[in-house]
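Student: Numbering (the numbering used here), first residue to last: 5 to 127. Backbone N, C-alpha and C define an ideal beta-carbon position, used for all residues, glycine too. It should be emphasised that the depicted structure is a prediction, and the values quoted were computed from it without experimental measurement.
#1: Using the three-state DSSP reduction, which class does residue 79 fall into: helix, strand or coil?
#2: Please give the ranges of any alpha helix (DSSP H) in the stretch 64 to 108, keeping only runs that are unbroken, at least 4 residues long and fully inside the region.
#3: Select from 46, 100, 74 and 33 the residue whose C-alpha is nearest the C-alpha of residue 23.
#4: Out of 38, 40, 63 and 32, point me to the one whose CA is closest to residue 21's CA.
#5: State buried or exposed for residue 49, treating a residue as buried only when at least 16 other CB atoms are found within 10 Å of its CB.
#6: I need the straight-line Cα distance from residue 80 to residue 55, nearest angstrom please.
#7: Could you work out which residue in 101, 94 and 86 is closest to residue 122 when comparing CA atoms only?
#8: Please state the DSSP three-state secondary structure of residue 8.
#9: Does the distance from the CB of residue 68 to the CB of residue 116 come in under 9 Å?
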């Protein structure tokens, strides 16, 4: 079972990150849309692009497994009957290879019944 903790999504205050493979960085529900968002907080720069992409791939796979297994309902019962999105909050602009990877990952995540998006956060 994954450990669920909530992180504050402000750079310098993040308690969990892309490097914490077996944790969901943050989970919450938009009260207006009812969509449950599982956030990945990515504070890493892209100086080691290959390693960064592997970390991102592993984290997305963990999130999809968490959703598909139903563990999300044990940890966050309010999610019952809701739609899900995995959202990556990146501190740095994504290079072309990362954008290409996310386009492929989007299709895979969508086939599993979830959405995937990313946002580059301003400091």
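Tutor: In this structure, then:
#1: Walking along the chain shown from the start, residue 79 turns up at place 75. Shown here, residue 79 sits in a helix according to DSSP, grouped into three states.
#2: Fully enclosed alpha helix (DSSP H) runs of 4 or longer: 75 to 79.
#3: Along the chain shown, read from residue 1 onward, the residue named residue 23 stands at position 19. Residue 46 is the option with its Cα nearest to residue 23.
#4: Residue numbering aside, residue 21 sits at position 17 when the chain shown is read from its first letter. Selected option, being the one with the closest Cα: 63.
#5: For the purposes of this step, residue 49 is taken as the residue at position 45 of the chain shown. Exposed: under 16 other Cβ atoms inside 10 Å.
#6: Counted from its first residue, the chain shown places residue 80 at position 76. Counted from its first residue, the chain shown places residue 55 at position 51. Straight-line Cα distance between these residues: approximately 31 Å.
#7: Start at 1 with the first residue of the chain shown, and residue 122 comes out as number 118. For residue 122, the closest C-alpha among the options 101, 94 and 86 is that of 94.
#8: Working through the chain shown from its first residue, we reach residue 8 at position 4. Confidence is the limiting factor: at residue 8 the pLDDT is only 45, short of 50, which leaves the residue's position unreliable and the question unanswerable from this model.
#9: Working through the chain shown from its first residue, we reach residue 68 at position 64. Working through the chain shown from its first residue, we reach residue 116 at position 112. Taking the C-beta atoms as reference points, residue 116 is found nearer than 9 Å to residue 68.
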